[in-house]
Amino acid sequence: MLLAGGCASLAPLPAAGDNEAISGRLSIRVEASGSEPERSFSAAFDLRGDSRAGVLGLSTPLGNVLAQARWSASGVTLATPQGTRAFADLDGLTREVLGESVPVEAWFDWLRGRPSPQAPSTARGSAGFEQLGWSVDLARLPDGRVTALRERPPPQVSVRIQLEAL
Numbered sequence: 004m005l006l007a008g009g010c011a012s013l014a015p016l017p018a019a020g021d022n023e024a025i026s027g028r029l030s031i032r033v034e035a036s037g038s039e040p041e042r043s044f045s046a047a048f049d050l051r052g053d054s055r056a057g058v059l060g061l062s063t064p065l066g067n068v069l070a071q072a073r074w075s076a077s078g079v080t081l082a083t084p085q086g087t088r089a090f091a092d093l094d095g096l097t098r099e100v101l102g103e104s105v106p107v108e109a110w111f112d113w114l115r116g117r118p119s120p121q122a123p124s125t126a127r128g129s130a131g132f133e134q135l136g137w138s139v140d141l142a143r144l145p146d147g148r149v150t151a152l153r154e155r156p157p158p159q160v161s162v163r164i165q166l167e168a169l
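Just so we're aligned, residue 4 is where the sequence shown starts under this note's numbering, counting upward by one.
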């Protein structure tokens, strides 16, 4: 999978510029479904830019960059130690790498404790909201923790994020 790429180095992430970086650790788990086994991975992450143009860097606990996803209106590229691949959009990238769609574009808002303005949402009390088929739990945001769960369509996918800086 994406993070099994070894320790070859990639270029460091660019400076944040006008957009503040969001960093921390993330864990994504895709439940077993039918003949597909459970899949999961975790990594340190650095998210810069916005939903229209940005960079998501993934690295090991020792700081070796495992992968960098860069996106803009012209498409998405994923650079790993094994090479660079192009995708039409972030949804295509996450489907290819994880086998499931993960709404990276919405993370810019979700990790700041709000729904993305690009899609309808439904409040879930004071502790979160539903958006894009995901249940986003913000109850532990003061501690830097955000969780998101997509139950339908199967398989269930969960994302847990521990923020270092916002």
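Using N, Cα and C, we set each Cβ at its ideal position, and we do this for glycine too.
For this session: List the DSSP bridge partners of Arg73.
Result: Val58, Thr80
Problem set entry | Neighbourhood of Ser104 by C-beta distance below 7 Å, restricted to the same chain and skipping five residues each side | Asp94, Thr97, Arg98
Exercise. Can Leu135 and Ala126 be called in contact, C-beta distance under 8 Å?
Worked result: no
Exercise. Who are the near neighbours of Val139 in its chain, counting only those whose CB is closer than 6 Å to its CB and skipping five residues on each side?
Worked result: Trp113, Gly131, Phe132, Ala151
Exercise. Out of curiosity, what's the CA-to-CA distance linking Thr87 and Ser129?
Worked result: 42 Å
Exercise. For Leu141, which of Gln165, Pro120, Arg155, Pro156 has the nearest alpha-carbon?
Worked result: Gln165
Problem set entry | Gly52 (DSSP reduced to helix, strand or coil) | strand
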